[in-house]
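Enquirer:
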Amino acid sequence: MATEKVSDSGGADGRTAEFVAEWRNAAYNCYSSGHKFCREVCPVMQVTRDEAHTPTAFHANVVAMEQGLLTIEDVARDYVHCTQCGACELRCPNTLFTGDFYRFRTRTVDLVKAMRALAVESGIHQPHWQRWNELTDERKNEPVLNGTPVSQEHVADWAAGLDLPIGGDTVLFCDCEAAFYRTSVPRAVAQVLKQAGVEFGLMQEQWCCGGPAAEMGYVDQARRFAEHNIADWRAVGAKRILVLDPHDYISFTEDYPRYFGDDYDFEIVLVVELVAELIRDGKLTLSVPINRVATYHDACRLNKRKGIHKEPREILNAIPGLTFKDVDHVTQWSYCSGAGAGLGIERPDLTAEISRRRVERAKALEIDTLVSACVWSERPLTEQGEQQDVEVVDLMELVAASAGIEV
Amino acid sequence: MATAVTDALLDELVQICGEEHVFAGASARFNRARVPSPFPVHRWAEFTPDAVVLPTSAEQISEVVKLANREHVPIVPRAGGTGLTDGAVPLKHGIIVDVKLMNRILELDLEDRTVTVQPGINMLKLSEELKPHGFIYPDNPASYPCSLVGGRIGTSGWSLIGGRYGHTRDLVISFELVLPTGEIIRVGDGGGKKVRKSSSGYQLKHLFMGHQGTLGITTEATLELVKRPEAEFSAFFAYGSYEDAWRATGDFARSGAATLAGVVLFDEWKIAYLRRDDEAYIPQPNWVKGVVALAMYGNADEVRASAKRLMKIGKASGGEYLGDEISQGDWASRHDRYATPLHGRLKDDQVVPMSWHCEDASILYSQLPAVREKWHAVAADLRERFDMFDDWGMFAYTNGAFKSWGDYLTEIDIGIWEMQWDDESWAAWVDAKREIARIAIEHGGSISACHGSCREGEVDLVPLELGGGFEVMKKIKRTLDPNNIMNPGKYLLDEAYEEDEA
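The listed protein sequences correspond, in order, to chains R and Y. Just remember that the numbering used here sits 976 ahead of the position in the first sequence, which is counted from 1. Just remember that the numbering used here sits 291 ahead of the position in the second sequence, which is counted from 1.
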């Protein structure tokens, strides 16, 4: 329990001192730069224009905390204003121009996560995040259905009629938002994979990946959920995990290895990359023309966090009938749906505005469809798309349609 | 003079700007204290504002300024907060008027080729919006990705290769501002906000540029639209001595090529700095002691012809052309290239994060070699006494086809390990800055070509540089800002009010 840790490390001062000791050098790397090139690519800053919401401030606060000028109470709320998209890290001159030599990357996302964790450990909670994580803890999946409770009983309802086995060498992990809300996405994925001859099963009891809890600072909960999931993978004999959502992909390729070290020996496969390969190898044929004019929304966690931007485009270019108006992935560093890292839970107004601007940019290309590869982005983008006459579609929904699959 | 910002005053600010745009919390205040220039981080609390407002209109700003006059509370204007001469640092606390929320494009006039914007817009973002129409707004300082139009006007900044089309002073046609007493006026070359050529009355546009926030707050600006250039050309030439490179620089700058965008002279300290641990820079052999970089922009037929001329000059001056790879790669990333903190080195070669400090004196071409020697000596003395400074070498820049030959933006880049500041090292630094400024003035130059000259140390010599002009500055300040509300403490202008107190 977090409270036990608190007393061990000597209360608030001890906790902050420990945190500062860990982050002071990273903070000074940013502080010394002072360039602020991160600012205009930050999707939150583009809306709030508030310097306290900048990656520069997020780092400078550590310097001020070291000097005793600011406390976690002073700054905790500021750190809500981040989608953990990673744009600032890429645009940072320290990453761009010393990255090659020193293998250096500015780590704003990790810093934001750490500061949020410090806040939670210090008993400072953001009300909506606290409730969200309590409900997730209770129900084992995120409360993505607003009033309607989610539950383990219904976590695989999306797969009704698809006749998917439990377990096996390969299992498909289905994100909470996909499992309960946008069920067309996992249904599309499952049927596309089956058509291409990929064998896979489901988990016995799939809990939330724990990533959202980690992003909001509830680190003990995140860890417990991770432990459950890998125990389940082991129990069903899985070696290979298929992942359809970029947020889960971050959890499984960054958080889980950190938790479990060498014991973590699972192969994590991103469905977008797998599908691109299946098309390339002729195992999946897209032959039904899709008569749409579309642009692609680079999912932040794929493009900015993981450098994955080629495969989605490769897939879109393989769909017959589709007119694809691309915007390059570097320009899209400054784009986001605003849905990430709990921003939409605590500041839905900001998520809506970030999504509105994203759809507006798409609309300017004279398209009818905005394609995303991130199920979390699709709800706020769809809400804004309805206002602007742009249909928001998941890449796998399009692939299924072009493969002649009725989702 | 200043009275503290009281709860009652905060209530009035909320009435004017709205609750969501007024901040008095610690993080809002501490994060609007510094700018990227060297900052005595051990004295951070001395430079925090009492309150911050993010207004959304000129009328709101006017009301805030009137309130500040009534209550005798300082106002500090802040746009990007990326200036290098502390203009946006609150020296006497007070209220920060942060214009970042005012970042809309108000009018795009493709016929008369102007764009009218609010002051909180960034130039890179603006040019992204102009791209579909085939235009750019070419004002591109090193802070191009983050500085804002309002700050460019407040500092009268300098454009790097955008200088092909003029600097901020040329590219801003007219602007609206809130005076220190709250009136809203528009200044430009003439009456109409889109007029570029007028001789009606005093040339007030220039008076209200580069004042570092001491004469008002820009609330709207009408800017020049420039056609996106069809072609660009860049080339790097290497020389075996600084003197040869310096002579070649003069030849290039005097070439008369109308498409000339920039000529940049790197000295051997700068080359060594770039060479030592930077894979992005193409390493040069050891015989290279000076590099000259050139850039041109314009119509394809003109650029092609001028490129031939410049290549001939390069050859005739004994330069070795460094190849296409560096021309395309290095020049293209110029904004980010030269100042990453992780290149800082202590005397034992250990890498530590150092802030980049850039002097920006304007030095006559003939004086460049002499000034260079003296400046490096100042930096060496600092490094000798405090193992927290590093000499990152010198550049000299000139831009554009118009008068490119006379004086050069001359910078010595000094790395500073700011984690180490204490009162002694800070005092030594201020002395060194004053000395660097003195050398510039003694050689017939100016303390600053583009940042402004109101930092601690250098500012002491502003009266020496400006002579009787400084007395006029004080009279203007007192007339326009009778209560010394607008960014007090800057440019020694508090002296204008001393007679009152005596």
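Just so it is clear, CB atoms sit at the ideal spot from N, CA and C, and this is done for glycine as well.
Identify whether Y/D698 lies in helix, strand or coil by the three-state DSSP scheme.
Expert: Position 407 of the second sequence holds residue 698 of chain Y. Y/D698 falls in the strand class under three-state DSSP.
Enquirer: Hey, how far is the Cα of R/S1310 from the Cα of Y/E419?
Expert: As a position in the first sequence, residue 1310 of chain R is number 334, starting the count at 1. As a position in the second sequence, residue 419 of chain Y is number 128, starting the count at 1. R/S1310 and Y/E419: Cα-Cα distance of roughly 12 Å.
Enquirer: I'd like to know if the region 1037-1057 of chain R and the region 309-321 of chain Y are in contact, where contact means that at least 3 CB-CB pairs between them fall below 8 Å.
Expert: Counting Cβ pairs under 8 Å, three or more are found: they touch.
Enquirer: With 8 Å set as the bound, which would you pick, yes or no: does the beta-carbon of R/R1015 sit closer than that to a beta-carbon of chain Y?
Expert: Locating residue 1015 of chain R in the first sequence gives position 39, where the first residue counts as 1. It does: the Cβ of R/R1015 has a partner Cβ on chain Y nearer than 8 Å.
Enquirer: Tell me the start and end of each unbroken alpha helix (DSSP H) in the region 520-582 of chain Y that is at least 4 residues and wholly inside, in chain order.
Expert: Segments of the alpha helix (DSSP H) lying fully in the region 520-582 of chain Y: 533-544, 559-567.
Enquirer: Assuming Y/L613 contacts Y/F543 under a Cβ cut-off of 8 Å, what Cβ separation, rounded to an integer in Å, is found between them?
Expert: By one-based count along the second sequence, residue 613 of chain Y stands at place 322. By one-based count along the second sequence, residue 543 of chain Y stands at place 252. Going by Cβ atoms, the distance from Y/L613 to Y/F543 rounds to 15 Å, so no, they are not a contact pair.
Enquirer: For R/S1263, count neighbouring Cβ atoms within 10 angstroms of its own Cβ and tell me buried if that reaches 16, exposed if not.
Expert: By one-based count along the first sequence, residue 1263 of chain R stands at place 287. Exposed.
Enquirer: The beta strand (DSSP E) with Y/T405 in it runs from where to where?
Expert: The residue labelled residue 405 of chain Y in the question sits at position 114 within the second sequence. Taken as a continuous stretch (DSSP letters only), the beta strand (DSSP E) holding Y/T405 covers 405-408.
Enquirer: Is there a Cβ from chain R that is less than 8 Å from the Cβ of Y/L514?
Expert: Taking the second sequence and counting its residues from 1, one reaches residue 514 of chain Y at position 223. So, not an interface residue.
Enquirer: Tell me which residue opens and which closes the beta strand (DSSP E) that Y/F466 is part of.
Expert: On the second sequence, position 175 is the one that residue 466 of chain Y refers to. Taken as a continuous stretch (DSSP letters only), the beta strand (DSSP E) holding Y/F466 covers 463-469.
Enquirer: Quick one: what does DSSP say Y/I387 is sitting in, helix, strand or coil?
Expert: Counted from its first residue, the second sequence places residue 387 of chain Y at position 96. Three-state result, Y/I387: strand.
Enquirer: Tell me whether the beta-carbon of R/D1151 lies closer than 8 Å to the beta-carbon of R/D1221.
Expert: Translated into positions along the first sequence, residue 1151 of chain R becomes position 175. Translated into positions along the first sequence, residue 1221 of chain R becomes position 245. Contact flag set, yes.
Enquirer: Excluding five sequence neighbours on each side, which residues of the same chain lie with their C-beta closer than 6 Å to the C-beta of Y/L399?
Expert: The count along the second sequence starts at 1 and reaches residue 399 of chain Y at position 108. So the list reads V406, once near-sequence residues are dropped.
Enquirer: Any idea which residues DSSP pairs Y/L655 with across the strands?
Expert: Here residue 655 of chain Y refers to the residue found at position 364 of the second sequence. Note: Y/L655 sits in a beta bridge opposite Y/D698.
Enquirer: I need the straight-line Cα distance from R/A1202 to R/C1185, nearest angstrom please.
Expert: Sequence index remark: in the first sequence, residue 1202 of chain R carries index 226 (1-based). Sequence index remark: in the first sequence, residue 1185 of chain R carries index 209 (1-based). So the alpha carbons of these two residues sit roughly 6 Å apart.
Enquirer: If the cut is a Cβ gap below 9 Å, which residues of chain Y does R/A1090 touch?
Expert: Within the first sequence, residue 1090 of chain R is the residue found at index 114, counting from 1. Near R/A1090 there are no residues of chain Y at all, since even the closest Cβ is about 17 Å away, more than 9 Å.
Enquirer: Could you pull out every residue in the same chain whose Cβ sits closer than 7 Å to the Cβ of R/H1029, ignoring the five residues on either side in sequence?
Expert: Stepping through the first sequence from its first residue, residue 1029 of chain R is reached at position 53. So the list reads V1020, M1021, D1054, H1057, once near-sequence residues are dropped.
Enquirer: So for R/R1081, helix, strand or coil by DSSP?
Expert: For the purposes of this step, residue 1081 of chain R is taken as residue 105 along the first sequence, with counting starting at 1. It is coil, neither helix nor strand.
Enquirer: Beta carbon of Y/W712, beta carbon of Y/P331: below 8 Å?
Expert: One-based indexing of the second sequence puts residue 712 of chain Y at position 421. One-based indexing of the second sequence puts residue 331 of chain Y at position 40. Yes.
Enquirer: Got a sec: is the Cβ-Cβ distance from R/R1025 to anything in chain Y below 8 Å?
Expert: Against the first sequence, residue 1025 of chain R aligns to sequence position 49. With 8 Å as the cut-off, R/R1025 counts as an interface residue toward chain Y.
Enquirer: In whole angstroms, what is the alpha-carbon distance linking R/G1297 and Y/G605?
Expert: Taking the first residue of the first sequence as position 1, residue 1297 of chain R is located at position 321. Taking the first residue of the second sequence as position 1, residue 605 of chain Y is located at position 314. In a straight line, the C-alpha of R/G1297 is about 53 Å away from that of Y/G605.
Enquirer: Beta carbons nearer than 7 Å to chain R: which residues of the region 308-322 of chain Y have them?
Expert: Listed by position, the residues of the region 308-322 of chain Y near chain R (Cβ gap below 7 Å) are G316, A317, S318, A319, F321, N322.
Enquirer: Quick one: what's Y/D682 bridged to in DSSP?
Expert: As a working mapping, residue 682 of chain Y is identified with position 391 in the second sequence. Y/D682 is bridged to Y/I705.
Enquirer: At the level of alpha carbons, what is the spacing between Y/D678 and R/A1002?
Expert: The residue given as residue 678 of chain Y occupies position 387 in the second sequence. The residue given as residue 1002 of chain R occupies position 26 in the first sequence. The alpha-carbon atoms of Y/D678 and R/A1002 are separated by roughly 21 Å.
Enquirer: Determine, using beta carbons only, whether R/L1246 and R/A1172 come nearer to each other than 8 Å.
Expert: For the purposes of this step, residue 1246 of chain R is taken as residue 270 along the first sequence, with counting starting at 1. For the purposes of this step, residue 1172 of chain R is taken as residue 196 along the first sequence, with counting starting at 1. No, Cβ-Cβ distance for R/L1246 and R/A1172 is not below 8 Å.
Enquirer: Have a look at Y/R663, Y/W537, Y/E715 and flag the residue whose alpha-carbon is nearest the alpha-carbon of Y/F528.
Expert: Counting from 1 along the second sequence, the entry for residue 528 of chain Y is found at position 237. Measuring from the Cα of Y/F528, the nearest candidate turns out to be Y/W537.
Enquirer: In chain R, which residues lie less than 7 Å from Y/N394 when you measure between Cβ atoms?
Expert: Walking along the second sequence from the start, residue 394 of chain Y turns up at place 103. Result: R1025.
Enquirer: Any beta-carbon of chain Y closer than 8 Å to the one on R/S1098?
Expert: Mapped onto the first sequence, residue 1098 of chain R falls at position 122. Output row for R/S1098: interface = no.
Enquirer: Within the continuous beta strand (DSSP E) that includes Y/P368, where are the two ends?
Expert: To locate residue 368 of chain Y, count along the second sequence from 1; it is residue 77. Element bounds for Y/P368: 366-369.
Enquirer: Which residues share a DSSP beta bridge with R/D1050?
Expert: The count along the first sequence starts at 1 and reaches residue 1050 of chain R at position 74. For R/D1050, which the question treats as bridged, DSSP gives no partner whatsoever.
Enquirer: Taking the CB atoms as reference points, tell me whether Y/A370 and Y/G479 lie closer together than 8 Å.
Expert: Your numbering for residue 370 of chain Y matches position 79 in the second sequence. Your numbering for residue 479 of chain Y matches position 188 in the second sequence. Result no, Cβ atoms of Y/A370 and Y/G479 do not sit closer than 8 Å.
Enquirer: When the Cα of Y/N322 is compared with those of R/P1031, R/R1210, R/V996, R/A1349, which residue comes out closest?
Expert: Counted from its first residue, the second sequence places residue 322 of chain Y at position 31. Among R/P1031, R/R1210, R/V996, R/A1349, the Cα nearest to that of Y/N322 is on R/P1031.
Enquirer: Please confirm if Y/K422 has its CB atom under 8 Å from at least one CB of chain R.
Expert: The residue labelled residue 422 of chain Y in the question sits at position 131 within the second sequence. Chain R, which has no Cβ nearer than 8 Å to the Cβ of Y/K422, makes this no.
Enquirer: Could you tell me how far apart the beta carbons of Y/A586 and Y/I452 are, in whole angstroms, since I believe they sit closer than 8 Å?
Expert: The residue labelled residue 586 of chain Y in the question sits at position 295 within the second sequence. The residue labelled residue 452 of chain Y in the question sits at position 161 within the second sequence. That pair is a contact at about 5 Å.
Enquirer: Where R/G1193 and R/A1052 are concerned, what is the direct C-alpha to C-alpha distance, given to the nearest angstrom?
Expert: If you number the first sequence from 1, residue 1193 of chain R lands on position 217. If you number the first sequence from 1, residue 1052 of chain R lands on position 76. Those two C-alpha atoms are separated by around 11 Å.
Enquirer: Can you give the Cα-Cα distance for R/P1188 and R/V1195, rounded to whole angstroms?
Expert: Counted from its first residue, the first sequence places residue 1188 of chain R at position 212. Counted from its first residue, the first sequence places residue 1195 of chain R at position 219. Cα to Cα, the separation comes out at about 10 Å.
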